[in-house]
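A short worksheet on the structure shown next.
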Amino acid sequence: MADRFASLASREITRPIGFLTVACPNNSPITQYPNNSISQSHNSTLALQPFKGWVVRTPDDHFDPSRFTMMDYRLRWQDTTCFTYVLPMSRREALVEFTLFTPTLPPEGAYDEMLRQYFDKILKIKEFEIVETEFGIIPMTDFPFEKYSSGKHVRIGTAGGWVKPSSGYSFKNCERNSQKIIENMKAGRPANTGLFSSKFRFYDSVFLGVLQAQNELGPSLFNGMYAKNDIQKIFAFLDNETSLVEDLGIISGFPKWPFLRSLFNYLAR
Ligand SMILES: Cc1cc2nc3c(=O)[nH]c(=O)nc-3n(C[C@H](O)[C@H](O)[C@H](O)COP(=O)(O)OP(=O)(O)OC[C@H]3O[C@@H](n4cnc5c(N)ncnc54)[C@H](O)[C@@H]3O)c2cc1C
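Positions in the sequence shown are counted from 1; adding 183 to them yields the numbering used here.
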């Protein structure tokens, strides 16, 4: 959808900026990012979400297509926040993906090693065929991309800050923001009106600060969140769709000190 909107909103030219590519007219008045803006910014936090997945096929039934594993923290790469998820497509086919939320990238062989271990120790599947692999690195950052858009020229996707900093998810934001931009344009409002929630950006910043400073805490934070809250409420929270009361219910389940420390760092920057 972001692609389609980019071609509608700007029929001129697309220009790469660092590792991000944005749709932006050649003589646009849009403010440019400073050079190496994200990595050198003292006012934002950057973590990485590298992942590798195998789509596998097995000779026997091993998966239940009506269930999926969202974040399995049982296997750890060193002391990092890392997990494996399993999305079955049928009883004999699934995407199994190893993912990290990390300040630094692991060595290249780590992904295959962890996936192999997951099949061996957790899934206990000995025989399978890898029919497809996928790999990516998603930036997780609270860099204020939205400041570099204007009412007439709106950066979209990653370059627009549509990747949720604390989860790396972007599809939901792409869907919601594309719709919002169309509504704004139809109503004659500046196109970037109401695209960002400062409340959720604040939560994301504090959470990202904890992951950056104490990456080893990730598994207990996520496991605690899933254990203590209703799953539909968690999905709504991750989609920036909860009320303040619901937020407080979820936030109160997190350990206080790491979050207070991150909050002080956030306020001091
Ligand atoms: C394997 C994989 C799995 C993922 N799974 C999920 C998921 O389950 N959920 C989720 O929320 N996110 C997921 N993501 C992340 C998500 O895909 C990205 O965050 C999102 O696509 C970023 O949107 P974007 O518009 O910035 O970039 P893209 O979706 O990559 O769009 C950029 C577009 O610009 C085009 N382009 C680039 N350079 C130029 C140029 N110079 N001229 C013209 N066109 C150009 C590209 O061809 C591309 O179509 C996944 C990513 C990967 C790689």
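For each residue, glycine too, the CB sits at the ideal point set by N, CA and C.
Each residue's CA atom was taken as its position, placing N448 and F390 some 12 angstroms apart. Within the DSSP secondary-structure output, S273 pairs in a beta bridge with E276.
Judged by beta-carbon spacing, L258 lies within the 8 angstroms limit of I305, meaning their Cβ atoms are closer than that value. The C-beta of V346 has 16 or more other C-beta atoms within 10 Å across all chains shown, which makes the residue buried. I433 and F420 do touch by the CB rule: their CB atoms are close to 5 angstroms apart, below 8 angstroms. Using a 10 angstroms sphere on the CB of K411, the tally of other CB atoms stays under 16, which defines it as exposed.
By the Cβ test, the segment 249-263 is in contact with the segment 395-406, since at least three Cβ pairs between them sit closer than 8 angstroms. Comparing alpha-carbon positions, the option among T341, M368, K369 and A370 lying closest to C357 turns out to be T341. Excluding residues up to 5 positions away in sequence, K382, Y386 and F420 lie with their Cβ nearer than 8 angstroms to the Cβ of D430 in the same chain. The beta-carbon distance between V279 and G344, rounded to whole angstroms, is 30 angstroms. This is too long to meet the 8 angstroms contact definition.
Per DSSP, reduced to three states, the secondary structure at Y352 is coil, with no helix or strand assignment. DSSP places Q415 inside the alpha helix (DSSP H), whose first and last residues are I414 to L421.
Counting only unbroken stretches of 4 or more residues, the alpha helix (DSSP H) elements lying wholly within the segment 389-413 are 401-411, in sequence order. By the beta-carbon neighbour count (other beta carbons within 10 angstroms, threshold 16), R338 is buried. N226 and G392 have their C-alpha atoms roughly 11 angstroms apart.
Bounds of the alpha helix (DSSP H) holding Q300 are G292 to Q300. Of the other Cβ atoms in all chains shown, fewer than 16 fall within 10 Å of the Cβ of T287; this residue is therefore exposed. Looking at the DSSP output, E315 bridges to V238. Shown here for T267: same chain residues with a beta carbon closer than 6 angstroms to its own, the five before and five after excluded, namely D255, F281 and Y301 in chain order. The bridge partners DSSP lists for F281 are K235 and T267. From the listed residues A277, G319, G377 and K307, the smallest Cα separation to E291 is found for G319. Take the alpha-carbon of P373 and the one of K335: they are about 6 angstroms apart. In the displayed model, T252 falls within a strand according to three-state DSSP. Annotated as distal: F354 and V239, with beta-carbon spacing of 8 angstroms or more.
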